[in-house]
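Engineer: Counting along the sequence shown from 1, when you hit position 554 you're at 554 in UniProt numbering, and nothing is skipped either side. Backbone N, C-alpha and C fix where the C-beta goes; we use that ideal spot for every residue, glycine too. So that we are looking at the same thing, I have put the structure below in structure tokens.
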Amino acid sequence: MKRILSIGDDVIIKRTNGKLQKAMVSEIDYDFQCIKVEWYENDDTKGKEIHFNNVASLNPNLIIDKEDESPSMVEDTGQGSSTSNAIKNTKSRLTHYSRVEESEELSIEGKGLSGARTTRSATESSYKNKDNQVLKKINQLEKSRLDRRTQQAILKVKKDEILKKSQNQPYWQISKMIEEYRQDLSVNTKVSTSSEVTLEHPITVAVRKRPLSDLEIQKNEIDIVTIPNTNQIIVHEPKQKVDLTKFIDNHIFKFDYTLDENCSNETIYKFTAQPLIKNVFDGGYATCFAYGQTGSGKTYTMSGNEENSEAGIYTLTAQDIFKNVYLNKTSRKIIISCSFFEIYTKKVYDLLNHKTSLKILEDAQQQVQIVGLTEQVVHSVEEVLELICEGNKTRTFGHTSANSQSSRSHVIFQYYLRVENNPDIYGKFSLIDLAGNERGADTFFASKTTRFESSEINQSLLCLKECIRALGRKDCHLPFRGSKLTQVLRDSFIGNQSKTCMIAMVSPGIGSCDNTLNTLRYANRVKELSGKDKLATQCRSEIKPQTNDLTKKSEYIKQNKDIIKVLQTSKNEAEELLKCPYYNLDNYYHDLNALLTDVISNLIKIKDVI
């Protein structure tokens, strides 16, 4: 259906590049036979003038004509026809009425001069009403144009703010998502205090989150780790969809204890190493080790910080050990001795004896012994701190991309408890500061030595992980001989009355997201170890450690010979049965059954003796 083109209508136009565009008519110029159109593109209003012919070719449903250009309401003859021609040639819609003079005589059929004037007045009024409607439309268009430009200005300001924010903080979108998640999360603001009761587990796993470092702040990194309560931690991993839309994947982990960046070393110690001291004084073995990526705060947790006079786990453990020694002084006198050594690239060095090379061997009882290790008797906390200070001077450090002074070796500080006049170890407490695990991408531009160190560190940590997996599968064969580190930690997992605590250190920066997830998954594997006591007993019963007793050795040899003799005799008897020409199968089966019964009976007797 065709309609007359008017201001405000939508038309199809052809752009300079040949593309068809939908636009709105803002003005119609009948003199120059063109229209003016406007459209909105890229946060801006654009316009163009188009000839009537082009409009008609692209919009066949539109008729371009003057409004109310209908035939005159009066019929003219003679001079009236000349007046009608004058009206058609007039440019203005109103001026042609003023050109009709009152003195001119018009011959109008059926009407006088007064009737013609009345008709002219009505027509003029009609045109004025039409003009008012056109003005209203123009005002509406102008208002809508101003509104669009205002919206464009607002959008431009927002766009500039986003651009500025992106330059200052490239992760602002991820940060906003994390903040919204934290607001929606029902956060339990419970803080770990000294009044809380610590849990008793054979293996305890605690996670500590450190604050953002100066280097991370300088790189405009954001905190992607949330600790809502004392046993839960959430990692917000940034990801990107195929259409480049950013989103976060929230990984939730649960551990025995999760401690945020506001916790002190003393609070960490209360929930990790302190509960193990009682086990040591009860005659057991205890191990506390810190695990995490390079620069996550392991050495700070274990050794403390001299600048702000914050004691580490080494110092706090020494204080509690000597406190317990003084409390138990009346019942028995306990002698405390210490050793300090490091494992660097498959070699062991004594840090209390000028980094002398040591060997790790197993004795006849399959107990790990470090040959030549220096043990020094200590009588106070001050002497312990002197030993630690002396050992740290010769400890192996290196420069990495994450830390200017990174530990490049596994460091073990051990307390030995012995009852006076008894050389046997009564209890042992091992404090281990593991070297930081590193990805190959982190050391790609490092020196050859640094890459070699990282390879050895990761290999030893992998061996530790394989041992943990074997424990989780309840395998009786545990690959502790895979590295020097796992040999040292062997007693921590399957020793008598052994208890272990793992402190997993995590970095909150977005650049450390992969390393943080790997650390938490590693810690989660340790936490999942169950039935440890039963497993350790089973493994020890099947391993059967050897002794130096010659009598027992001879008994084992005799039992072995008896087994061989029984099997050899049975083999000969079975061969004789095959040589006999049996014509009755029932007799053959009867003799064979009797032979097998005797063999089984003899083997059961030997098994009972063993």
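With a cut-off of 8 Å, do at least 3 Cβ pairs link the stretch 508-517 to the stretch 207-222?
Structural biologist: Yes, since at least three Cβ pairs between the stretch 508-517 and the stretch 207-222 fall closer than 8 Å, the two stretches touch.
Engineer: Have a look at the DSSP bridge pairing and note the partners of Cys-463.
Structural biologist: BP columns for Cys-463 are empty, so no partner.
Engineer: Check whether the Cβ atoms of Val-526 and Val-207 sit closer than 8 Å, and answer yes or no.
Structural biologist: Contact: no.
Engineer: Comparing C-alpha positions only, which one of Val-371, Ala-290, Tyr-30 and Ile-28 sits nearest to Val-205?
Structural biologist: It is Ala-290 whose Cα lies nearest to the Cα of Val-205.
Engineer: With 16 as the cutoff for other CB atoms within 10 Å, does Leu-361 come out buried or exposed?
Structural biologist: Exposed, since its Cβ has fewer than 16 Cβ neighbours within 10 Å.
Engineer: Identify, in the order they occur along the chain, each residue of the same chain with its Cβ nearer than 6 Å to the Cβ of residue 612, setting aside the five sequence neighbours on each side.
Structural biologist: Here the chain comprises residues numbered 1 to 610, so residue 612 is not present and cannot be evaluated.
Engineer: Would you kindly check if the distance between the Cβ of Val-371 and the Cβ of Lys-355 is under 8 Å?
Structural biologist: Cβ atoms of Lys-355 and Val-371: not closer than 8 Å.
Engineer: Please identify the residue among Gly-8, Asn-54, Ile-174 and Lys-254 whose C-alpha is closest to the C-alpha of Lys-137.
Structural biologist: With distances taken between Cα atoms, Lys-137 lies closest to Gly-8.
Engineer: Would you call the stretch 26-36 and the stretch 48-64 in contact, with 3 or more CB pairs under 8 Å?
Structural biologist: Yes, the stretch 26-36 is in contact with the stretch 48-64.
Engineer: Please classify Ile-360: does DSSP put it in a helix, a strand, or coil?
Structural biologist: Ile-360 falls in the strand class under three-state DSSP.
Engineer: By DSSP, does Phe-32 sit in helix, in strand, or in coil?
Structural biologist: The answer is coil: DSSP assigns Phe-32 none of H, G, I, E or B.
Engineer: Between which residues of its own chain and Asp-363 is the CB-CB distance below 6 Å, once the five residues before and five after are set aside?
Structural biologist: Excluding residues within five positions, the ones whose Cβ falls inside 6 Å are Gln-369.
Engineer: Could you tell me whether the Cβ atoms of Leu-62 and Ile-13 are closer together than 8 Å?
Structural biologist: Result no, Cβ atoms of Leu-62 and Ile-13 do not sit closer than 8 Å.
Engineer: When the distance is taken between beta carbons, is Leu-431 closer than 8 Å to Cys-338?
Structural biologist: No, the Cβ-Cβ distance between Cys-338 and Leu-431 is not below 8 Å.
Engineer: DSSP three-state call for Arg-451: helix, strand or coil?
Structural biologist: Arg-451 falls in the helix class under three-state DSSP.
Engineer: Please list the terminal residues of the continuous beta strand (DSSP E) segment that includes Cys-501.
Structural biologist: It spans 498-506 - the beta strand (DSSP E) in which Cys-501 sits, taken as one unbroken run.
Engineer: How far does the beta strand (DSSP E) with Asn-250 in it extend, from its first residue to its last?
Structural biologist: First-last of the beta strand (DSSP E) with Asn-250: 246-254.
Engineer: Starting from the N-terminal side, write out each stretch of the alpha helix (DSSP H) that is 4 residues or longer and does not extend beyond the stretch 262-342.
Structural biologist: Complete alpha helix (DSSP H) runs here, min 4: 265-271, 274-281, 298-303 and 313-327.
Engineer: Alpha carbons only, please: which of Leu-520, Gly-284, Arg-469 and Phe-247 is nearest the one belonging to Lys-176?
Structural biologist: It is Phe-247 whose Cα lies nearest to the Cα of Lys-176.
Engineer: Measuring CB to CB, does Ile-412 end up less than 8 Å from Phe-493?
Structural biologist: In this structure, Phe-493 does not lie closer than 8 Å to Ile-412 by Cβ.
Engineer: Could you pull the start and end residues of the alpha helix (DSSP H) that Tyr-181 belongs to?
Structural biologist: Counting along the chain, the alpha helix (DSSP H) containing Tyr-181 begins and ends at 172-184.
Engineer: DSSP beta-bridge partners for Pro-238?
Structural biologist: Pro-238 pairs with Ile-248.
Engineer: If you run the structure through DSSP and keep just helix, strand and coil, what is Leu-417?
Structural biologist: Of the three classes helix, strand and coil, the one that applies to Leu-417 here is strand, per DSSP.
Engineer: Counting Cβ pairs closer than 8 Å, one from the stretch 421-428 and one from the stretch 310-320, do we hit at least three?
Structural biologist: Output reads no: the stretch 310-320 does not touch the stretch 421-428.
Engineer: Can you give me the C-alpha to C-alpha distance between Leu-461 and Lys-333, rounded to a whole angstrom?
Structural biologist: For Leu-461 and Lys-333, the distance between alpha carbons rounds to 38 Å.
Engineer: Name the two residues that bound the continuous beta strand (DSSP E) containing Asp-44.
Structural biologist: 44-51 is the span of the beta strand (DSSP E), which, as asked, contains Asp-44.
Engineer: When we look at the beta-carbon of Val-242 and count the other beta-carbons within 10 Å, is it buried (16 or more) or exposed?
Structural biologist: The residue in question, Val-242, is exposed, as its Cβ has fewer than 16 Cβ neighbours within 10 Å.
Engineer: Start and end of the beta strand (DSSP E) containing Arg-208?
Structural biologist: Segment 203-209, the beta strand (DSSP E) holding Arg-208.
Engineer: Put Lys-136 into one of helix, strand or coil per three-state DSSP.
Structural biologist: Correct three-state label for Lys-136: helix.
Engineer: What are the start and end residues of the alpha helix (DSSP H) that includes Tyr-522?
Structural biologist: Unbroken alpha helix (DSSP H) run through Tyr-522: 513-527.
Engineer: What do you get for Gln-367, buried or exposed, if any count of 16 or more other CB atoms within 10 angstroms of its CB means buried?
Structural biologist: With fewer than 16 other Cβ atoms within 10 Å, it is exposed.
Engineer: Ala-574 to Leu-478, Cα distance in whole Å?
Structural biologist: Rounded to the nearest angstrom, the two C-alpha atoms are 40 Å apart.
Engineer: Going straight from the alpha carbon of Ile-468 to that of Lys-393, what length do you get?
Structural biologist: If you take the alpha carbons of Ile-468 and Lys-393, they lie about 32 Å apart.
Engineer: Just to confirm, are Ile-336 and Val-377 a CB contact at a threshold of 8 Å?
Structural biologist: Taking 8 Å as the Cβ cut-off, Ile-336 and Val-377 qualify as a contacting pair.
Engineer: Is it true that the CB of Thr-294 sits closer than 8 Å to the CB of Gly-436?
Structural biologist: Contact: yes.
Engineer: With DSSP collapsed to three states, give me the class of Leu-588.
Structural biologist: With the sequence shown as reference, residue 588 is identified as Tyr, and Leu is not the correct amino acid for it. Note: Tyr-588 maps to helix in three-state DSSP.
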